[in-house]
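Trainee: Next up is a structure, given as structure tokens.
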Amino acid sequence: MSFTWIPIYSEIARKVLAFESRQEELLELLREMRSEGMKVILLNDRDAEGTRIALEEIDPFTFFASFNRTSSVSGRQAMLAKIKEAWNLSSAVPDDFDGIPLANAQNSWSFGYREGRGEGDVGLLWRVAKAAIGASWKSFDWGLFDQALGIRQMGFAKLTTSLFWVEPRGFLPGDKHTEAYFRQRGVVLSSRTGAGYAAWLDAVESKAGSDFPQFSWDAYLESGVEEGLEGGDDPISTGLNEGGGWSGSVYESGCAIGFVHVCGGAGWGASASAAEEGIDPAGAARGWENVCGSASGVCVDG
Numbered sequence: 046m047s048f049t050w051i052p053i054y055s056e057i058a059r060k061v062l063a064f065e066s067r068q069e070e071l072l073e074l075l076r077e078m079r080s081e082g083m084k085v086i087l088l089n090d091r092d093a094e095g096t097r098i099a100l101e102e103i104d105p106f107t108f109f110a111s112f113n114r115t116s117s118v119s120g121r122q123a124m125l126a127k128i129k130e131a132w133n134l135s136s137a138v139p140d141d142f143d144g145i146p147l148a149n150a151q152n153s154w155s156f157g158y159r160e161g162r163g164e165g166d167v168g169l170l171w172r173v174a175k176a177a178i179g180a181s182w183k184s185f186d187w188g189l190f191d192q193a194l195g196i197r198q199m200g201f202a203k204l205t206t207s208l209f210w211v212e213p214r215g216f217l218p219g220d221k222h223t224e225a226y227f228r229q230r231g232v233v234l235s236s237r238t239g240a241g242y243a244a245w246l247d248a249v250e251s252k253a254g255s256d257f258p259q260f261s262w263d264a265y266l267e268s269g270v271e272e273g274l275e276g277g278d279d280p281i282s283t284g285l286n287e288g289g290g291w292s293g294s295v296y297e298s299g300c301a302i303g304f305v306h307v308c309g310g311a312g313w314g315a316s317a318s319a320a321e322e323g324i325d326p327a328g329a330a331r332g333w334e335n336v337c338g339s340a341s342g343v344c345v346d347g
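End of the sequence shown = 347 in the numbering used here, gap-free, step of one.
In structure tokens form, the structure reads like this:
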């Protein structure tokens with residue numbers, strides 16, 4: 046049976062809301078997971094002087110990205126088992142992760158480094174999560190959605206996928222595969238805004254119903270993209286995915302991680318400087334062209 050992940054994702058989403066004023070506890074849990082060899086998000090921030098410092102704040106979507114940024118089933122199961130134990134959850138560790146779009150392992154945060162982060166960015170993301178969890182698109186505050194799109198590091202595909210992670214029955218990911226799947230069926234996303242997303246979801250439901258997890262899975266299967274390979278330990282801090290795998294927006298664009306990308310004229314690849322400096326979690330500039338080996342694509346907007 047598919048979609049065995051939904052119960053524990055839903056339980057984690059509801060539980061995580063209690064940590065808005067206790068974000069250090071979420072970060073400590075992630076540090077414990079990393080110390081046990083689990084491939085969580087980058088836990089180092091960067092201040093205005095470019096100095097690496099400990100990450101001190103986090104939002105629900107970035108927390109979820111830790112177990113949605115690798116295609117290794119066993120790795121993701123281990124992370125969920127750790128969270129289940131730590132929080133005494135009742136839901137079972139899932140047997141599958143069907144239909145879940147992965148985060149870009151090089152761009153997993155929902156906000157930027159401290160040096161360029163808006164003072165209210167993380168707080169806004171908590172408000173978005175609270176508005177989504179236990180709700181659906183029909184009752185969602187689209188003003189919050191549009192505000193979140195203005196956060197450095199956030200984009201339409203990332204935001205809609207994040208909403209799907211925390212409330213998979215209430216929201217549909219607006220990623221490349223799902224958008225193409227419905228475009229081929231006559232349902233076109235008119236704009237990457239709150240109003241455009243709401244109109245798209247309304248048209249999707251009128252056309253096909255509201256089984257969003259199934260739609261996301263069908264879109265992935267129809268895309269014909271191979272299952273992602275497990276990448277390196279921390280692609281953001283190393284500048285590489287050691288396994289040369291596929292993930293997130295790089296995965297969507299069909300670009301092997303480790304090939305040079307040219308985004309806005311700033312190239313990076315398997316170089317010493319990239320390895321030393323790390324890749325800014327703000328990622329490539331939205332909309333700039335990527336050159337990935339012999340393939341070209343477009344930087345996913347978050």
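Each residue gets a CB set at the ideal place from its N, CA and C atoms; glycine is no exception. This one's a predicted model, so the numbers in the text were calculated from it and none came from an experiment.
#1: Look up Cys308 in the DSSP assignment and say whether it is helix, strand or coil.
#2: Note down, one range per segment and in chain order, each beta strand (DSSP E) of at least 3 residues found wholly within the stretch 67-95.
#3: Name the one or two DSSP bridge partners that Ile98 has.
#4: Name the two residues that bound the continuous alpha helix (DSSP H) containing Asp166.
#5: Examine the Cβ distances between the stretch 166-181 and the stretch 207-215 and report whether three or more of them are shorter than 8 Å.
#6: Suppose contacts are defined by Cβ-Cβ distances below 8 Å. Is Ala243 in contact with Trp182 by that definition?
#7: Going by alpha carbons, who is nearest to Gly215 out of Trp132, Ser153, Ser184?
#8: CB-CB under 8 Å to Lys252, same chain, minus the five flanking residues each way: which ones, in chain order?
#9: Please list the terminal residues of the continuous alpha helix (DSSP H) segment that includes Val61.
#10: Check whether the stretch 51-60 touches the stretch 133-146, taking contact to mean three or more Cβ pairs, one atom from each stretch, closer than 8 Å.
#11: Within the same chain, show all residues whose beta-carbon is closer than 7 Å to that of Glu65, passing over the 5 residues directly before and after it, in chain order.
#12: Assign Glu212 to one of three DSSP states: helix, strand, or coil.
#13: Tell me the start and end of each unbroken alpha helix (DSSP H) in the stretch 216-263 that is at least 4 residues and wholly inside, in chain order.
#14: What distance in whole Å lies between the Cβ atoms of Ser47 and Thr107, which are believed to be in contact at a cut-off of 8 Å?
#15: DSSP three-state label for Leu134, please.
Mentor: Based on what the coordinates show:
#1: Its pLDDT being 30, under 50, Cys308 is placed unreliably by the model, and the measurement read from it follows with that caveat. Strand, per DSSP.
#2: 89-91
#3: Asp90
#4: 166-177
#5: yes
#6: yes
#7: Ser184
#8: Phe227, Arg230, Gly231, Val232
#9: 51-61
#10: yes
#11: Trp171
#12: coil
#13: 221-228, 239-253
#14: Between Ser47 and Thr107 the Cβ distance is about 26 Å, and since that is not below 8 Å, they are no contact.
#15: coil
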